[in-house]
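Keeping their order, the protein sequence lines are chains A and B.
Residue numbers for the first sequence, in this note's numbering: 8 to 370.
Residue numbers for the second sequence, in this note's numbering: 8 to 370.
2 protein chains.
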Amino acid sequence: MDRRTPVDDRTGRRIVPETARRADRPPTRYGSRPTMKDVAARAGVGLKTVSRVVNGEPGVTPDTERRVQEAIEALGFRRNDSARVLRKGRTASIGLILEDLADPFYGPLSRAVEEVARAHGALLINGSSAEDPEREQELALALCARRVDGLVVIPAGDDHRYLEPEIKAGVATVFVDRPAGHIDADVVLSDNFGGARDGVAHLIAHGHRRIGFIGDMPRIHTAAERLRGYRAAMEDAGIPVEDSWMSLGATDPERVRRAAEAMLSGPAPVTAVFSANNRVTVTVIRVLAEQPRRIALVGFDDIELADLLQPGVTVVAQDAAALGRTAAERLFRRLDGALVAPERIELPTRLITRGSGELPPAG
Amino acid sequence: MDRRTPVDDRTGRRIVPETARRADRPPTRYGSRPTMKDVAARAGVGLKTVSRVVNGEPGVTPDTERRVQEAIEALGFRRNDSARVLRKGRTASIGLILEDLADPFYGPLSRAVEEVARAHGALLINGSSAEDPEREQELALALCARRVDGLVVIPAGDDHRYLEPEIKAGVATVFVDRPAGHIDADVVLSDNFGGARDGVAHLIAHGHRRIGFIGDMPRIHTAAERLRGYRAAMEDAGIPVEDSWMSLGATDPERVRRAAEAMLSGPAPVTAVFSANNRVTVTVIRVLAEQPRRIALVGFDDIELADLLQPGVTVVAQDAAALGRTAAERLFRRLDGALVAPERIELPTRLITRGSGELPPAG
DNA sequence: TAGAGCCTGGACAACGTTGTCAGGCGCGCG
DNA sequence: CGCGCGCCTGACAACGTTGTCCAGGCTCTA
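Written out as structure tokens, the structure reads:
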């Protein structure tokens with residue numbers, strides 16, 4: 008490292024002052040902004056004429072338009088959209104509330120929502136609820152106070168009656184990944200039940216009967232649905248499920264590790280595990296790698312590099328981008344006034360076999 | 008899958024109408040919103056008194072406050088922040104422009120920015136530039152028109168003079184991950200040069216002399232700095248670098264694969280590779296897995312599951328969350344009026360050894 | 001009991017933009 | 001030559017909120 012510049016001991020940061028401000032910079036007062044009135048005065052025209060030019064409205068002589076453009080350029084004018092919003096009623100922005108921006112599952116989802124918003128000329132405001140219903144509500148209402156045109160919500164809570172006045176007032180609202188609670192609204196979901204059932208059936212088809220299930224907290228809809236899928240697959244195959252094979256709770260590595268190790272020990276350990284989301288899967292992979300026997304694994308949600316592990320990880324993949332895209336498109340169609348009755352849309356999942364789900368039961 | 012509900016053949020979506028709206032719902036006109044005036048009328052008080060209650064200002068009798076609260080409740084009133092912003096000048100929101108929300112590197116970064124914003128009572132508006140300078144500018148100016156209080160920018164372009172009027176007008180602006188072009192502004196960077204140099208020196212220390220470098224397009228600052236670090240390490244060790252060992256360009260899998268395969272073939276192939284970002288690393292791992300000999304690898308940026316591969320992937324990790332946090336904190340300190348001169352802050356990187364970087368040169 | 005001071009409440013303007021409407025000018029037609 | 005029509009242009013109000021300022025009523029004290 009370059010040792011000539013001072014380094015903050017505690018943080019290790021290196022701090023270098025930037026070059027001094029260039030001398031030719033005009034002495035402008037900070038914090039002031041030219042308005043259309045200023046532009047009008049400078050161009051020697053009326054206020055409304057400036058508005059016409061800025062918005063590309065017809066009815067302005069080329070000569071006048073040029074004068075106005077010059078004044079705008081000279082003053083560095085930029086229209087104040089807050090005032091515009093106040094006047095027009097629409098903000099051309101939508102809100103997205105998800106659980107955690109840093110979770111790799113939500114990256115593609117929010118990117119997809121953003122793309123659709125961009126195509127409709129809208130900006131995206133987003134916030135993370137951190138799986139806290141109160142924070143979800145706080146965020147949603149703050150966005151409504153900003154008068155976003157619409158809201159895409161990945162619910163943390165299970166009661167969304169607080170949004171009723173907003174929806175009535177015209178905020179187009181679509182729920183994604185999990186259904187809304189106690190209100191009628193558009194919902195876009197993955198086929199959590201079917202996906203989990205297919206994944207577990209896949210393990211059964213490869214000879215497993217003692218299959219473990221490790222999932223998220225049961226109050227979360229997706230977790231409950233995936234458990235239901237597991238139970239359905241086992242029942243379809245006529246396999247009675249033992250309580251010790253199922254573990255639901257927080258997805259932190261410590262708990263998941265304990266749960267997995269419990270299922271894998273004792274007199275009749277499981278020979279396969281179904282892990283019900285990406286965070287759980289990552290920890291389960293670590294635990295299985297330490298086992299003397301090869302344990303089969305199918306995970307819900309795809310994972311980067313899953314194909315490079317030994318063995319490759321078989322997963323039930325959901326299409327996060329499609330979830331986001333579908334929800335956002337529906338939101339804008341509603342804004343265009345096309346839709347009336349709320350609908351529930353379910354997207355299919357896809358089983359991707361890579362090896363871990365095809366392992367035979369270990370003696 | 009449940010076969011009783013209709014399925015759209017093309018998309019595989021299942022569509023179910025939600026239950027009919029509840030009958031007890033009052034017939035409200037959509038799109039209308041009560042204002043403070045309405046609340047005042049209903050409560051039988053003046054407009055300003057409502058404002059006082061809504062903002063928790065003193066000088067209102069408990070009895071009056073109760074009456075106002077009841078009216079707010081009854082009408083479902085929610086303050087219109089657009090009008091508030093217009094009046095007050097501050098929006099309590101900041102903008103974040105990054106390259107791609109879906110890139111796992113930017114998830115923790117934007118999450119960190121959001122956390123800091125939240126602590127300051129501000130919302131986060133964000134957009135992706137898709138590495139397109141024009142789109143970056145378009146987004147930045149749109150956010151300025153919304154009168155965001157500040158801007159965190161991961162630059163796609165290399166000329167940011169277009170932001171000068173905005174910064175002068177008081178938009179607190181901080182650049183992250185890459186420096187700003189042609190303007191003085193706060194910058195928060197990782198030590199790309201030092202990190203790359205350390206990573207390459209690590210390979211040299213394990214006996215390698217023929218070391219390849221695969222990086223991003225050289226116009227991107229981080230890519231250039233990491234290449235500089237590679238060259239410095241090689242020079243420090245007195246190893247002359249051959250042109251065929253270096254490859255810079257787009258990070259799509261096809262190009263990276265061709266580049267890696269080229270370095271690994273021929274009469275004197277490289278025995279180790281330094282991959283200069285997360286996307287490159289993922290592809291290089293795939294290519295190396297197909298090679299008959301064990302090739303050493305050090306990558307810039309950490310990768311999930313890197314520890315579970317065979318061998319584990321040695322990386323130079325940067326702290327994305329710290330980048331975002333530092334930038335956002337600086338932005339808010341500037342908003343508080345504490346800062347004057349722009350600074351350049353550099354965060355250290357960390358070498359994490361997991362096996363792939365410690366392999367000896369293969370015969 | 002009267003005056004001073006405090007506390008509560010409300011009228012009014014202003015924030016910067018856009019929609020409405022009317023005025024002025026030039027040109028074509030009768 | 002005069003009238004009417006159409007095209008530009010600008011004055012004005014309104015969007016919903018907050019800051020300023022003043023009025024009225026109350027209490028407390030001399």
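Glycine included, each C-beta is placed from N, C-alpha and C at the ideal position.
The structure displayed is predicted, hence computed values, not measured ones.
Enclosing alpha helix (DSSP H) for A/GLU121 [first to last residue] = 113-126
Are the CB atoms of B/ALA179 and B/LEU342 nearer to each other than 8 Å?
-> yes
Nearest to B/GLU350 (by Cα), restricted to the options B/ASP45, B/ALA334, B/ARG91 | B/ALA334
Under 9 Å from the C-beta of B/THR98: neighbouring residues of chain A = SER89, ARG153
Chain B contact for A/ILE359 (CB, 8 Å cutoff) = no
With 16 as the cutoff for other CB atoms within 10 Å, does B/GLN325 come out buried or exposed?
-> buried
Three-state secondary structure assigned by DSSP to B/ASN285 | helix
With B/THR290 and B/ASP308 assumed to form a contact (beta carbons below 8 Å), what rounded beta-carbon distance in angstroms separates them?
-> That belief does not hold up - the Cβ atoms of B/THR290 and B/ASP308 are roughly 13 Å apart, past 8 Å.
Distance between A/ARG238 and A/VAL248 (C-alpha atoms, nearest Å) | 8 Å
Can you tell me whether DSSP reads A/VAL75 as helix, strand or coil?
-> helix
From the beta carbon of B/PRO140, is the nearest beta carbon of chain A less than 8 Å away?
-> no
Under the assumption that B/GLY164 contacts B/PRO140 (Cβ atoms under 8 Å), give the Cβ distance between them as a whole number of angstroms.
-> 3 Å
Three-state class that DSSP yields for A/LEU255 in the structure shown | strand
Closest to A/ASN284 by CA distance: which of A/ALA313, A/SER251, A/VAL323, A/ILE302 is it?
-> A/VAL323
Which word fits B/GLY206, buried or exposed, when buried means at least 16 other C-beta atoms lie within 10 angstroms of its C-beta?
-> buried
Do A/ASP107 and B/ARG118 come within 8 Å of each other at the CB atom, strictly closer than that value?
-> yes
Could you tell me which residues DSSP pairs with A/GLU242 in its beta bridges?
-> In the DSSP output, where bridge partners are listed per residue, A/GLU242 has none listed.
Over what stretch of residues does the beta strand (DSSP E) that includes B/ILE174 continue unbroken?
-> Unbroken run through B/ILE174 is the alpha helix (DSSP H), 171-175; no beta strand (DSSP E).
Which of helix, strand or coil does DSSP assign to B/GLU268?
-> helix
For A/ILE190, three-class secondary structure by DSSP = coil
The alpha helix (DSSP H) enclosing B/SER100, as first and last residue numbers | Run containing B/SER100: none in the alpha helix (DSSP H); it sits in the beta strand (DSSP E), 100-105.
List the DSSP bridge partners of A/VAL160.
-> A/ILE104, A/PHE182
Neighbourhood of A/LEU330 by C-beta, 7 Å cutoff - its chain only, sequence neighbours within 5 removed | LEU116, VAL183, ASP184, VAL195, SER197, LEU354
Taking C-beta to C-beta, are B/LEU82 and B/ASP45 nearer than 8 Å?
-> yes
Could you work out which residue in A/ALA126, A/LEU54, A/THR56, A/GLU365 is closest to A/GLY214 when comparing CA atoms only?
-> A/GLU365
Straight-line gap, A/ARG32 to A/ILE79 (C-alpha atoms, nearest Å) = Since pLDDT at A/ARG32 reaches only 27, below the 50 mark, its modelled position is unreliable, and no value is offered.
Would a C-beta distance cut-off of 8 Å place A/GLY236 and A/ARG262 closer than the cut-off?
-> no
When DSSP labels each residue in this structure, what does A/ARG357 get in the three-state scheme?
-> strand
Residue from B/TRP252, B/ARG142, B/CYS151 with nearest C-alpha to B/ALA269 | B/TRP252
Is it the case that the Cβ atoms of B/THR98 and B/ARG59 are separated by a distance below 8 Å?
-> no
Interface partners of A/SER117 on chain B, CB under 7 Å = LEU108
Buried or exposed: which applies to A/GLY306, given that a residue is buried once 16 or more other Cβ atoms fall within 10 Å of its Cβ?
-> buried
Could you tell me whether the Cβ atoms of B/ALA448 and B/ILE211 are closer together than 8 Å?
-> Absent from the structure is residue 448 of chain B, since the part of chain B shown begins at 8 and ends at 370.
Go ahead and pull the three-state DSSP assignment for A/ASN199.
-> helix
First through last residue of the alpha helix (DSSP H) which encompasses A/VAL46 | 43-50
Since B/LEU304 contacts B/SER363 with CB under 8 Å, what's their CB separation in whole angstroms?
-> 4 Å
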